[in-house]
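S.K.:
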Amino acid sequence: MRPDDIIIAHSGKTIEVNNTDAEGRLVLCDGAAHACKALSANIIVDMATLTGAQAYATGLRHGGVLSNSRVFENMVVEAGRGVGDLAYPLLFCPELVGIATLMKSDIADMKNSASDRSNAPASGAGMFVHAHLVPEEKWIEDGEGWWAHIDMAYPVTVNSRGTGYGVGLLWNLAIRLDELFST
Numbered sequence: 659m660r661p662d663d664i665i666i667a668h669s670g671k672t673i674e675v676n677n678t679d680a681e682g683r684l685v686l687c688d689g690a691a692h693a694c695k696a697l698s699a700n701i702i703v704d705m706a707t708l709t710g711a712q713a714y715a716t717g718l719r720h721g722g723v724l725s726n727s728r729v730f731e732n733m734v735v736e737a738g739r740g741v742g743d744l745a746y747p748l749l750f751c752p753e754l755v756g757i758a759t760l761m762k763s764d765i766a767d768m769k770n771s772a773s774d775r776s777n778a779p780a781s782g783a784g785m786f787v788h789a790h791l792v793p794e795e796k797w798i799e800d801g802e803g804w805w806a807h808i809d810m811a812y813p814v815t816v817n818s819r820g821t822g823y824g825v826g827l828l829w830n831l832a833i834r835l836d837e838l839f840s841t
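Position 43 of the sequence shown, counting from 1, maps to 701 under my numbering, and the rest follow consecutively.
#1: Could you give the distance in angstroms between the alpha-carbon of leucine 749 and the alpha-carbon of alanine 778?
#2: Tell whether a beta-carbon distance below 9 Å holds between isoleucine 702 and cysteine 694.
#3: What does a CB cutoff of less than 7 Å around lysine 796 pick up in its chain, not counting 5 residues either side in sequence?
#4: Compare the Cα-Cα distances from glycine 824 to each of Met659, Asn676, Ile757, Asp704 and report the closest residue.
#5: Could you tell me the distance, in whole angstroms, from the CA atom of leucine 828 to the CA atom of serine 781?
#6: Got a sec? Which residues, its chain only, sit under 7 Å from glycine 820 by beta carbon, not counting five neighbours each side?
#7: Assuming threonine 707 and methionine 810 are in contact, meaning their beta carbons sit under 8 Å apart, how far apart are those beta carbons, in whole angstroms?
#8: Of all the options Phe786, Ile833, Gly826, which has the alpha carbon lying nearest to the alpha carbon of glycine 689?
#9: What's the C-alpha gap between glutamate 736 and proline 747?
#10: Using only alpha-carbon positions, find the residue among Ala806, Asn817, Ala832 that is nearest to serine 727.
#11: Could you tell me whether the Cβ atoms of glycine 784 and alanine 745 are closer together than 9 Å?
#12: Could you tell me which of Glu731, Ser725, Ala832, Ser763 sits nearest to proline 752, measuring between CA atoms?
#13: With glutamate 615 as the anchor, note down where its alpha helix (DSSP H) starts and where it stops.
#14: Among residues of its own chain, excluding the 5 on either side of threonine 678, which ones have a beta-carbon nearer than 8 Å to its beta-carbon?
#15: I believe isoleucine 664 touches isoleucine 765 by the beta-carbon criterion, under 8 Å. Please report the beta-carbon distance rounded to the nearest angstrom.
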């Protein structure tokens, strides 16, 4: 991958590479698209140490949660709180921090990184992943599909040691989802 390359994501969308350090989101977007297309998923959670901006948005000990569903966002936050993997919501506002605003490209469907990094970059990185959920109408705000992106760049370490952040959150979330859908 080189600057100015145009790549085709698994979602079928084209991406102009304007930042080779924003490669993790390329993997996440393909994984999310695969979950949609091959698995027909109705619930998707992606987690990554995606941005340094996460610490500015939610602090050193809270992961940032971006979701298209307020109900699911609250479920993720509460699941984390229940096990000590604290999480706090990020701004989900496609019209202000979405692809058309932050990552607009003249030669592809989108860029892989925002040109202006002063406008909610942790949310923007998550919105990049969101843009690859297909079909799009299923994953709109409060749509049929539930999606959550958890940026855990900072809570995964304390004093250069791994914390295990996220394992308990996912475990507790899985229990809560099972209880919700098995009744």
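Where a beta carbon is used, it is the ideal one built from N, C-alpha and C, also for glycine.
M.R.: Reading from the atomic positions:
#1: 8 Å
#2: yes
#3: Glu802, Gly803
#4: Asp704
#5: 20 Å
#6: Val814
#7: 6 Å
#8: Phe786
#9: 11 Å
#10: Ala806
#11: no
#12: Ser725
#13: This structure gives no information on residue 615, because the portion of the chain shown stretches from 659 to 841.
#14: Met659, Arg660, Pro661
#15: 7 Å
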